[in-house]
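Right, one structure below, let's go through it.
Numbering (the working numbering), first residue to last: 27 to 168.
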């Protein structure tokens, strides 16, 4: 199972800089990030190589953060790959609550990261369908 760090922050200059600075000082490398802002506040979602260390560094600095399970799957970087994965999940009634993706250093691979209500059950479904959910260690190795 993979983990992401969600940081709750005011939507103002310097907040992202502070978060990434704390991670850099802790020796944590970013794999992907997304920001959702709603008026004066936002949520920064981070996929990192060392989620436990990232969480501890942020909390120690007084930054409101949460570590949560997410699902990350490796897919081909070609038209229709994401559609196939999403179709298989939709047919089994899995609702994706939040998602983002990124390319790997391998030119033919991409990673799709998503949040669902029941990650453990969804991981089992994905394995049955032939997808390989990535662990934190596998994400760190990308």
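Even for Gly, the Cβ is constructed at its ideal location relative to N, Cα and C.
Could you tell me the alpha carbon to alpha carbon distance between residue i and residue j, rounded to whole angstroms?
i, j, result
"residue 162", "residue 152", "17 Å"
"residue 49", "residue 80", "6 Å"
"residue 119", "residue 140", "15 Å"
"residue 77", "residue 137", "17 Å"
"residue 61", "residue 70", "4 Å"
"residue 87", "residue 127", "28 Å"
"residue 52", "residue 32", "17 Å"
Does DSSP classify residue i as helix, strand or coil?
i, result
"residue 86", "helix"
"residue 68", "strand"
"residue 143", "coil"
"residue 47", "helix"
"residue 161", "coil"
"residue 168", "coil"
"residue 133", "coil"
"residue 150", "helix"
"residue 76", "coil"
Determine the closest residue to residue i out of the options, with distance taken between C-alpha atoms.
i, options, result
"residue 85", "137, 35, 147 and 165", "35"
"residue 92", "38, 73 and 134", "73"
"residue 125", "97, 114 and 135", "97"
Taking the beta strand (DSSP E) that residue i falls in, what are its first and last residues?
i, result
"residue 36", "28-36"
Can you list, in chain order, the residues of its chain with a C-beta nearer than 7 Å to that of residue i? Leave out the 5 residues immediately preceding and following it.
i, result
"residue 132", "none"
Leaving out five residues on either side along the sequence, give the residues of the same chain with a beta carbon under 6 Å from the beta carbon of residue i.
i, result
"residue 90", "34"
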